[in-house]
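One structure below.
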Amino acid sequence: MNDQSGTGARRGFTTERPICVAILAMGGQGGGVLADWIVALAEAQGWHAQTTSVPGVAQRTGATLYYLEMLPPKEGRAPILSLMPAQGEVDVVLAAELMEAGRSILRGLVTPDRTTLIASTHRLFATAEKEKPGNAIADPSVVVEAAGVAAKRVIGFDMEALANASHSHISACLFGTLAASKTLPFPRDAFEAVIKAGGRGVEPNLNAFRAAYEQAGQPATAKPAVKRPGKRFAPLPAAAGRADLDRLLVRIREFPAPLHDMLFAGVKRLTDFQDPAYAAEYLDRIGTLHALDRDNGGAAKSYALAAAAAKYLAVAMAYDDVIRVADLKTRTSRFERVQRDNAVGDGQIVYTTEYMHPRLEEAAGTMPAPLGRFMEAHPRLFGVLFRKSRRVRSGTIRWFLVLYGLAALKPIRRSTLRHRREMAHIDKWLALAQASIAANYDVAVEIVNARRLIKGYSDTHARGESKFDRVIGAAPQLAARADGADWMRRLRDAALLDEGGIALDGALKTVSTL
Amino acid sequence: MAERSFAREVQDLKLGDGDEFRGEGILAITKALLQSGVSYVGGYQGAPISHLMDVLADARDVLDELGVHFENSASEAAAAAMLAASVNYPIRGAVTFKSPVGINVASDAIANLASGGVTGGALIIIGEDYGEGSSIMQERSHPFAMKSQIWLLDPRPNLPSIVKAVEDGFELSEASHTPVMLEVRIRACHVHGRFIAKSNRRPGFSLRQALENPRRDTERVVLPPASYLHEREKIEQRWPAAVKFIKERKLNELFGPEKADIGIIAQGGFYNSVMRSLQQLGLADVYGETAVPIYVLNVAYPLIDDEVAAFAAGKKAVLMVEEGQPEFIEQALNTILRRRDIQTKVCGKDVLPMAGEYTPAVVTKGIKAFLELHAKDLLGNAPPPPDAAAVLVDPKVKTLAKTVPPRPPGFCVGCPERPIFAAMKLVQQELGPHQIAGDIGCHLFACLPPFNIGATTMGYGLGPASSSAFNVEADKRPISVIGDGGFWHNGLSTSVGNAVYNKHDGVIIVVDNFYSAATGGQDIMSSRAKNPARSTNNAIVDAVKGIGVKWVRHTDRTYNVGWMRDTLRDALTSKEGGPKVIVASSECMLNKQRRVRPQFQKSVRGGQRVVQERFGVDEDVCTGDHACIRLSGCPSLSVKETDDPLKDDPVAAIDQNCVGCGNCGEVSEAAVLCPSFYRADIIHNPTALDRFIAAVRRAVIGFLQRRREARRVVFAD
């Protein structure tokens, strides 16, 4: 009930104004429950409270807004309350997700003279962020920066984690934080009484409320940390306890120190994928590239070519074949992860069913190269065997043995058709980079980086490979330009924007007109 | 069975004289109907009036006790036609629907009803779905009142005013022999407030009495020459009667000082907004005092010429606050004042926008502009009204505008419609893009990413009808989508019958989820639930065959993406002529979970063996290409940033909300995506046999795992 000084007071009007609260949530997050709690709270204190919403179809997972106003009656007269929030008049914004907090700022609901912004900092990604072939996750720090400008006060932390820990909902955490913010002139007991009167899930809700109340009091919540997770590099060990592994470590140390982390990540992956000898082959190739790198002034560029190759050559050499998938699916660590991810308790049993669809291509790829080629040449003969997809119940002994057996093909991997093809592809790719380095070092680096476009399986893999081919196809032309690497980078970014490569085609058209 | 139970709200319908009702606006209207002695209520669900229908559906005992007949009408047209019971009998009836879409559908019946006029009070309650969150075209219902000469109430948006409007509406209808529309905007329908209730009233004249003692009057039938007389009667008798009633009962209200240089005329529904704006300008307070006279049109049509003239006379200017376009009321004000040669200036759409929602900021800006033109002294040196302009131009906030992703509504977790559109996307990858017509319902979400399917929507149940022009020789066939709600609303005849009769060579997909799902999960004819009050379980397939379709395919498991894809391909390539109808049936997951989850939890607590299915992604197998997401869009299937230094892009991840619908696995099979998906079958309360088998499996598998891991040469983690 802040006083609003101005001409109103001079005319003899009362100067009270209602407390205005906006709740931004997604359909299904319990925004309505929270609004009802706040109304019940205010009414229990003898106030008039009004809430409105526009549920409709927006309830189906879309962004929704609930709006409340509250004020005590005066001399028996009920206040006239607004059904819509006005920009600059909202005292408290409760946002059930970080980007929704951002949306509240964009809608002008958060202003520095008035608004306390209470937000959960966790993310629920929107379709636009998820569907892109690349990384389209919105930068959370932008919201925190804007909140610092827009809000009078910010209280933000991961309320979803807190809600999960209490087996409750985010609405209870927001309610607890609202109580802790002291933005409503009601005591904590009154808040708790509302939850108790609700009758359903009282204990979990109270636990979440109390946990949030405590956490909201911590100073760190005023500028919440929303750092994105970085990459985890294992430190390069002094020794690994086996001669063949130790030899690999020695060889890594022969490279410049800035390359060590990535080289070790690559060596680890390839040892796991095949064997130490395979990792040694990787270091051989990197060694060749590094020498070339050095001869072309790479030292001044932090050996960017070798660094890029350290990453993408490891990815390329650890291709996803049937053997690899079967190996990953049968590991103890995988069984444990399934238990953990699905919160399987002690008294429960979990079995997994894998959705496999081996096609003739995959089967032929796993065969020794001549046999694989023969199979591919006779699709009518062999195709019938691989038309059906398989639901592999990997927790049963029979199906486990099938996968276990496939993973046991590792020793013959180097003779398979798939391996031959992957190696040929790598040779061609690196040869192009090597051929370009003299003309344009940076373009050569971008040729290596373009390998990022190849991922996925079957059609997705084919589309990725076609994008990769189109991007590196532009390299010879671009190598002649000083800004060629910038264009290569733009092409790669464009290729990651959509599935069909429409943006890439547009970018290539531009390149062709340079 | 609607999406939520209204058992508690039903108790509110029983409140008696002097009790205080606290709750939602639309439920206050429901209570007001019973207080007014209504005999019958019908309607068609849709935001924002679904709750009126839902609470009455749950209130059988209250209705039976009062002798009130309640019906879930097949469409708004059916609902409006129901009001025929009030033509010859002194029986009060009310129907309700979402507007203006509902009134578009109902207008045939309403026009006929309005022509002959009514004896008993006939109330049409429309939930005006305009502005933010609206799911329909942005139009006004107002001209329907004008063209049919029926009266339009637009009460102030508080519960006492809305309840009074219901009571007044019946009386006005009876006094003027005219149906009355009560317009309630979406926020007013959902507003939480309070009013002092009255006891419910049994109707004085029952439907049974009418049925057993039928009356007729040829003059009330819309047939020449009576229809010519009706038009004159509307103007010469019913209109004056209405004006007299509205004046005598002071349905429109005046606030503020009697004398002033300027004044504001507002639609009743905008009273609160106008008051808040005046408060921001220092010209009113929150308890209703105002320095500017306000004439509130609780009756938006007809205008009361004398009241308007009296309000305007002696003022320099008046401002009409009227949302939407065209500005019917503002135009009428000018006519009234010109006819009487009153020179008061009429402002409205010159200072307020012609199109778009009247948000507080818009209204404040408009009133301020009006005062600056005609009463600058009133503004004095008031502080500027609050706004967020300074924040919105800050560079950091401008960066934010590029960051915050759009979040339109979409298919729920586990929605059975998702696999249908995934299959359509796969078929289009094979056969190229097609001309696809959408319809009204949740399935329209398919037109957004990630599916991007559907080019038009022409109205409820009109999807296949909107493809009818494309019945020509071509290498591709048109596809139309229609939901089960639209199918029964009018799609069976207007869309499917039309296609049969005209030998339409297209493909029709009927999305059957057992409910009118988008409007809140109400039962419809083909619902699978057993509803003692309604006839359900009428199969869509039977109806389609009955109307003459020869090529019909049906699945009771839409999640079978492979079947959906193959069947759709067959339909698009079949040599057979005529419409090809695919009925894809699976229960709406939102409603299914409401039904199944409590049972599941009870079984788990009760120690019963239950298997719970969930999906997961092996993140080390996932390469982060997100192809699965582009075929799903499930809120539960998301991405997560990985700390693996060899992976650039986020990997797929499935969260705790997964209901194990199976779509992920089926899509990954049908589209040959990656093998990273798995289904986890979690056995709660396993039996001794389960435990024994698990122990054997664990022993064998564990032995093999340890054996291989002991031999594996790797760097320690």
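Those protein sequences? They're chains H and W, same order as listed. Residue numbering for the first sequence follows the working numbering, starting at 811 and increasing by one per position. Residue numbering for the second sequence follows the working numbering, starting at 15 and increasing by one per position. For each residue, glycine too, the CB sits at the ideal point set by N, CA and C.
In this structure, the alpha-carbon of T581 of chain W lies about 29 Å from that of E1186 of chain H. When DSSP reads this structure, M195 of chain W sits in a beta bridge with W:I138 and W:L166. At a cut-off of 9 Å, the C-beta of I1236 of chain H has no neighbouring C-beta in chain W. Cβ proximity to chain W below 7 Å picks out R1262 and K1265 from the region 1249-1265 of chain H.
Residues of the region 624-643 of chain W that bring their beta carbon within less than 7 Å of a beta carbon in chain H comprise R628, G630, D632, D634, V635, T637, G638, D639, H640, A641 and I643, in sequence order. Of the residues H:A1003, H:I1312 and H:P1045, the one whose Cα lies closest to the Cα of Q855 of chain H is H:A1003.
Sixteen is the threshold: since fewer than 16 other Cβ atoms of the shown chains lie within 10 Å of the Cβ of P1221 of chain H, the residue is exposed.
In this structure, M836 of chain H places its C-beta atom within 9 Å of the C-beta atom of G872 of chain H.
At the C-beta level, A46 of chain W and V180 of chain W come within 9 Å of one another.
Taking the Cα of T44 of chain W as reference, the smallest distance to any Cα among W:G647, W:M67 and W:N516 is reached at W:M67. Using a CB distance below 7 Å, no part of the region 90-123 of chain W faces chain H.
At least one CB of chain H lies nearer than 9 Å to the CB of I200 of chain W. Residue range I1159 to M1166 is occupied by the beta strand (DSSP E) that includes Y1161 of chain H. Residues of the region 1174-1185 of chain H that bring their beta carbon within less than 9 Å of a beta carbon in chain W are absent altogether. The Cβ atoms of G270 of chain W and A305 of chain W sit closer than 9 Å to each other.
Using a Cβ-Cβ cut-off of 7 Å, H1070 of chain H is close to nothing in chain W; its nearest Cβ partner there is about 12 Å away. Contact between the region 430-437 of chain W and the region 460-475 of chain W is present: three or more C-beta pairs spanning the two stretches fall below 8 Å. With a 10 Å radius around the Cβ and a threshold of 16 neighbouring Cβ atoms, P1039 of chain H comes out exposed.
Interface flag for H206 of chain W against chain H is set, since a Cβ pair is found closer than 9 Å.
DSSP places Q860 of chain H inside the beta strand (DSSP E), whose first and last residues are H858 to S863. Contact annotation, F985 of chain H with F1001 of chain H: C-beta distance approximately 6 Å; criterion of less than 8 Å satisfied. Restricting attention to beta strand (DSSP E) runs no shorter than 3 residues, the region 526-552 of chain W encloses none.
Taking the CA atoms as reference points, F823 of chain H sits about 21 Å from V310 of chain W. Take the alpha-carbon of I1312 of chain H and the one of P447 of chain W: they are about 15 Å apart. If one requires a minimum length of 4 residues, the alpha helix (DSSP H) runs lying completely within the region 1080-1107 of chain H are 1086-1105, in chain order. DSSP places N348 of chain W in the uninterrupted alpha helix (DSSP H) bounded by F342 to R353.
With 16 or more neighbouring CB atoms inside 10 Å of its own CB, I350 of chain W falls in the buried class. Interface annotation, R1010 of chain H: not in contact with chain W, CB-CB separation never under 9 Å. By the CB criterion at 9 Å, I493 of chain W and I454 of chain W fall outside the cutoff.
Burial state of P1045 of chain H is exposed, judged by a 10 Å Cβ sphere holding fewer than 16 other Cβ atoms. Y573 of chain W sits close to G676 of chain W, with the two beta carbons spaced by under 9 Å.
Distances from the alpha-carbon of W847 of chain H to those of H:E970, H:A888, H:L1016 and H:E941 put H:L1016 closest. Inclusion of G497 of chain W and A469 of chain W in the CB contact set at 9 Å is not warranted, their separation being larger than that value.
Measuring C-alpha to C-alpha distances from P546 of chain W to each of W:R74, W:I40 and W:G39 identifies W:R74 as the nearest. Taking 9 Å as the threshold, the shortest C-beta distance from Y1267 of chain H to chain W falls below it. For the region 925-953 of chain H, the set of residues with a beta-carbon nearer than 7 Å to any beta-carbon of chain W comprises F935, A936, T937, A938, E939, K940, E941, K942, P943, G944, N945, I947, A948, D949, V952 and V953, in chain order.
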